[in-house]
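For the sequence shown, the UniProt record's numbering assigns the number 1 to the initial residue and increments by one for each residue that follows.
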Amino acid sequence: MISPYIKLIRMSRLVFGRPRAYPPRGAHKTRMSCSGRRPRSAGAHVRRPPPGRRVRCRPTGRRPPDSTRRSHGTGRSSDRISTNRLVDTRVACGLPSRHRRAGRDRGGRAVEFAFSPEEERWRQEVRDFLDAELPPDKAFNHEFVEDDELWEFAREFTRRVGRKGWIGLTWPTEYGGLGRPLTERLIMAEEFALRDAPFVNMIGYGLAAGTLLVGGTEEQKRRFLPEIARFEEFWAEGLTEPGSGSDLASLTTRAVRDGGDWLISGQKTYTTWGHRADVMYLAARTDPDAPRHRGISIFRLDLTLPGVSFSRLDNLGGGRQNHTYLDNVRVPGDMLIGEVGKGWSYIMNAFYAAGGVSARHAELQRMLGAVLDHCKTTVRGGRPLVEDPGVRSRLAELALMAETERLLAYESLGDALNGRTPAFAGALGHVVHKEHQPRFAQLIGQIVGPLGQLRAGSRWAALGGDAEAWYRASYANHAGGTSQVKRMVLATRGLGLPR
1 MISPYIKLIR MSRLVFGRPR AYPPRGAHKT RMSCSGRRPR SAGAHVRRPP
51 PGRRVRCRPT GRRPPDSTRR SHGTGRSSDR ISTNRLVDTR VACGLPSRHR
101 RAGRDRGGRA VEFAFSPEEE RWRQEVRDFL DAELPPDKAF NHEFVEDDEL
151 WEFAREFTRR VGRKGWIGLT WPTEYGGLGR PLTERLIMAE EFALRDAPFV
201 NMIGYGLAAG TLLVGGTEEQ KRRFLPEIAR FEEFWAEGLT EPGSGSDLAS
251 LTTRAVRDGG DWLISGQKTY TTWGHRADVM YLAARTDPDA PRHRGISIFR
301 LDLTLPGVSF SRLDNLGGGR QNHTYLDNVR VPGDMLIGEV GKGWSYIMNA
351 FYAAGGVSAR HAELQRMLGA VLDHCKTTVR GGRPLVEDPG VRSRLAELAL
401 MAETERLLAY ESLGDALNGR TPAFAGALGH VVHKEHQPRF AQLIGQIVGP
451 LGQLRAGSRW AALGGDAEAW YRASYANHAG GTSQVKRMVL ATRGLGLPR
């Protein structure tokens, strides 16, 4: 069995090319042939095996020219995989075209990862918009930056996206959307992530919009969805509590009827963007006697109401979160979204309803591209970092992580488009990403060395301080449940194992 380290070395040679320090091709290994023939030497007779006999692969010592290498499909050039430079991690890292092949599904048919010409035109439209509207010095991670000037730009940038109709890209047209396919939402998310675009209000256009589409009344849909699509309101999330984090069904914030209104009391925590938001997507328990998952309801909470207060909670990544205190806050009855007691179902189904797709792989691709450029231009020990075998193995591992998440994201998209139930209760992608985050940042730190510990502003900081910032932000992987909880979901709901 080939060790994982050797696999990484081989992958690094495919992705990043062979360093000059290595022996010439063929000196250290030979190519395997499954043709059933022994390697031909000069004048040697080739003996074919008897019919039906099992043939073992043997080294040939030869490599066919690029022009004769075929895909795993029908052999036609049309069977090759997409060569989009910003979608395929291997292309972004400079993988030669001969290694970008179509795979095969279980039925033996060629699997194409290419987008249609219409989708590629859409991708180009998104790129043109970003070229025109997003200066490089205004790109930032809005979850971990509190610079007020950048935030003012982020709000205006999001309004421009809204004026294009792209916030509600996949929503029905009668609710302020464009009714476009979910695939176009993924393409847009990829391009925005690759540019680190400050596209804010993800709770609004994700969780809140999805809940409205799934369970909101017709009046609520026509009232609130167009406002979200135009970014007229900034939404914060009110789910997690001090004693109810990954186990959301144990929340204790209470909502009690008082005439036609609701009185809400309790505490929320990790309220990201709460100090900047206008309203909150709030989950509260409306029936304490019902089973845990059936007594929760969703409210639209105006954060200017009496009884709402915050206390600051700074995170390791550099952003601000909040503790949110609710002291008998009176909420009008029409701010209950959907039906009483259906909150759990709304939360679970809101993601896909709002056109939610994951492009976290594009964030990894962007980081990998920056590290690869650094390795190509930084000299250590008299040669570029990219020629160091240890660095190359780590770069290969980074590329494998990004590619793994890309394929998982595309599988999730395929499930949504075809109405399939996600495998492993939809937890696999979450587990992989949450555990990749710190590992990805650690590998970058190992590649750039001790200078990766310096923050932005230092003349010696590696990658302009990004390496240090990525490391701190990498541990903010608890949102939506920790990886341990997601593993439990995968095991119990996905595999049917006992608790």
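Built from N, CA and C at the ideal position, the CB exists for glycine as well. Here the structure is a predicted model, which means the values were calculated and not measured.
Identify the continuous beta strand (DSSP E) that holds residue 265 and give its terminal residues. In the sequence shown, counting from the first residue as 1, residue 265 sits at position 265. Per DSSP, residue 265 belongs to the beta strand (DSSP E) from 261-268.
Backbone CA spacing between residue 334 and residue 249 [nearest angstrom]: To locate residue 334, count along the sequence shown from 1; it is residue 334. To locate residue 249, count along the sequence shown from 1; it is residue 249. If I take the Cα positions, the gap works out to 24 Å.
Leaving aside the five residues before and after residue 444 along the sequence, list all residues of the same chain whose C-beta is less than 6 Å from its C-beta, in chain order. Numbered from 1 along the sequence shown, position 444 holds the residue referred to as residue 444. Result list for residue 444: 371 and 467, in chain order.
The beta strand (DSSP E) enclosing residue 299, as first and last residue numbers: For this step, residue 299 is matched to residue 299 along the sequence shown. 296-302 is the extent of the beta strand (DSSP E) around residue 299.
Residue 238 and residue 268 - do their beta-carbons sit closer together than 7 Å? Here residue 268 refers to the residue found at position 268 when the sequence shown is read from its first residue. Here residue 238 refers to the residue found at position 238 when the sequence shown is read from its first residue. Yes, the Cβ-Cβ distance between residue 268 and residue 238 is below 7 Å.
Tell whether a beta-carbon distance below 7 Å holds between residue 159 and residue 231. Along the sequence shown, read from residue 1 onward, the residue named residue 159 stands at position 159. Along the sequence shown, read from residue 1 onward, the residue named residue 231 stands at position 231. Result yes, Cβ atoms of residue 159 and residue 231 sit closer than 7 Å.
In terms of residue numbering, what span does the beta strand (DSSP E) encompassing residue 287 cover? As a position in the sequence shown, residue 287 is number 287, starting the count at 1. Here residue 287 belongs to no beta strand (DSSP E), and DSSP marks it neither H nor E.
Please identify the residue among 473, 300 and 302 whose C-alpha is closest to the C-alpha of residue 441. The residue given as residue 441 occupies position 441 in the sequence shown. Of the candidates 473, 300 and 302, the one whose C-alpha sits nearest the C-alpha of residue 441 is 473.
Quick one: what does DSSP say residue 271 is sitting in, helix, strand or coil? Counting from one through the sequence shown, the residue named residue 271 turns up at place 271. Coil.
Taking only runs that begin and end inside the region 120-205, name each unbroken alpha helix (DSSP H) of 4 or more residues, in chain order. 148-163 and 182-195
With DSSP as the reference, label residue 388 as helix, strand or coil. Locating residue 388 in the sequence shown gives position 388, counting from the first residue. Correct three-state label for residue 388: coil.
Straight-line CA distance for residue 257 to residue 330? In the sequence shown, counting from the first residue as 1, residue 257 sits at position 257. In the sequence shown, counting from the first residue as 1, residue 330 sits at position 330. Each residue's alpha carbon lies about 10 Å from the other.
Using only the heavy atoms of the ligand MG, determine whether one of them is closer than 6 Å to the beta carbon of residue 144. Here there are no bound small molecules, and the ligand MG is not part of this structure.
Contact set for residue 454: own chain, Cβ-Cβ below 8 Å, skip 5 residues either direction: In the sequence shown, residue 454 corresponds to position 454, counting from 1. Cβ within range, chain order: 460, 461, 462, 465 and 468.
Pair within 7 Å by beta-carbon distance, residue 227 and residue 279: The residue you call residue 227 lines up with position 227 of the sequence shown. The residue you call residue 279 lines up with position 279 of the sequence shown. In this structure, residue 279 does not lie closer than 7 Å to residue 227 by Cβ.
Start-to-end residues for the beta strand (DSSP E) that takes in residue 327: For the purposes of this step, residue 327 is taken as the residue at position 327 of the sequence shown. Here the beta strand (DSSP E) through residue 327 covers 320-332.
For the pair the region 164-177 and the region 138-145, tell me if three or more CB-CB distances fall below 8 Å. no
For residue 470, tell me which candidate among 216, 499, 436 and 181 has the shortest Cα-Cα distance. For the purposes of this step, residue 470 is identified with residue 470 of the sequence shown, where counting begins at 1. The shortest C-alpha separation from residue 470 is found at 436.
Using the three-state DSSP reduction, which class does residue 415 fall into: helix, strand or coil? As a working mapping, residue 415 is identified with position 415 in the sequence shown. In the structure shown, residue 415 sits in a helix (DSSP, three-state: H, G or I).
If I follow the unbroken beta strand (DSSP E) through residue 238, where does it start and stop? Within the sequence shown, the letter at position 238 stands for residue 238. Looking at the DSSP string, the run of the beta strand (DSSP E) that includes residue 238 is 235-238.
Which word fits residue 242, buried or exposed, when buried means at least 16 other C-beta atoms lie within 10 angstroms of its C-beta? Residue 242 sits at position 242 when you count from the first residue of the sequence shown. It counts as exposed.
Specify whether the region 386-400 and the region 409-417 touch according to this definition: at least 3 beta carbon pairs, one from each stretch, less than 8 Å apart. By the Cβ criterion, the region 386-400 is not in contact with the region 409-417, since fewer than three pairs of Cβ atoms, one from each stretch, lie closer than 8 Å.
With DSSP run on the structure shown, which of helix, strand or coil describes residue 495? If you number the sequence shown from 1, residue 495 lands on position 495. Coil, per DSSP.
At least 3 beta-carbon pairs within less than 8 Å: the region 187-200 vs the region 118-135: yes
Three-state secondary structure (DSSP) at residue 466? Within the sequence shown, numbered from 1, the residue matching residue 466 stands at position 466. Residue 466 falls in the helix class under three-state DSSP.
CA-CA distance, residue 244 and residue 404? On the sequence shown, position 244 is the one that residue 244 refers to. On the sequence shown, position 404 is the one that residue 404 refers to. Computed Cα separation, rounded: 31 Å.
Straight-line Cα distance separating residue 263 from residue 364: Walking along the sequence shown from the start, residue 364 turns up at place 364. Walking along the sequence shown from the start, residue 263 turns up at place 263. About 44 Å.
When DSSP labels each residue in this structure, what does residue 448 get in the three-state scheme? By one-based count along the sequence shown, residue 448 stands at place 448. Here residue 448 sits in helix by DSSP.
From the DSSP output, which residues share a beta bridge with residue 474? Within the sequence shown, the letter at position 474 stands for residue 474. For residue 474, which the question treats as bridged, DSSP gives no partner whatsoever.
Find the nearest neighbour of residue 193 within the set 285, 360, 167 and 252, judged by alpha-carbon distance. On the sequence shown, residue 193 is found 193 positions in, with the first residue counted as 1. The residue with the shortest Cα to Cα distance from residue 193 is 360.
Three-way DSSP call (helix, strand, coil) for residue 310 in this model: Within the sequence shown, numbered from 1, the residue matching residue 310 stands at position 310. Residue state, collapsed to three classes: strand.
On a Cα-Cα basis, can you pick out the residue from 475, 295, 122 and 274 that is closest to residue 433? If you number the sequence shown from 1, residue 433 lands on position 433. Of the candidates 475, 295, 122 and 274, the one whose C-alpha sits nearest the C-alpha of residue 433 is 475.
The alpha helix (DSSP H) with residue 362 in it runs from where to where? Position 362 of the sequence shown, counted from the start, is the residue given in the question as residue 362. From DSSP, the alpha helix (DSSP H) with residue 362 extends over 360-377.
With DSSP collapsed to three states, give me the class of residue 13. Locating residue 13 in the sequence shown gives position 13, counting from the first residue. Residue placement at residue 13 cannot be trusted, given a pLDDT of 47 that sits under 50; what the coordinates show is reported in the next sentence. Residue 13: helix per DSSP, three-state reduction.
Count Cβ pairs between the region 280-292 and the region 203-219 that sit closer than 8 Å; are there 3 or more? yes
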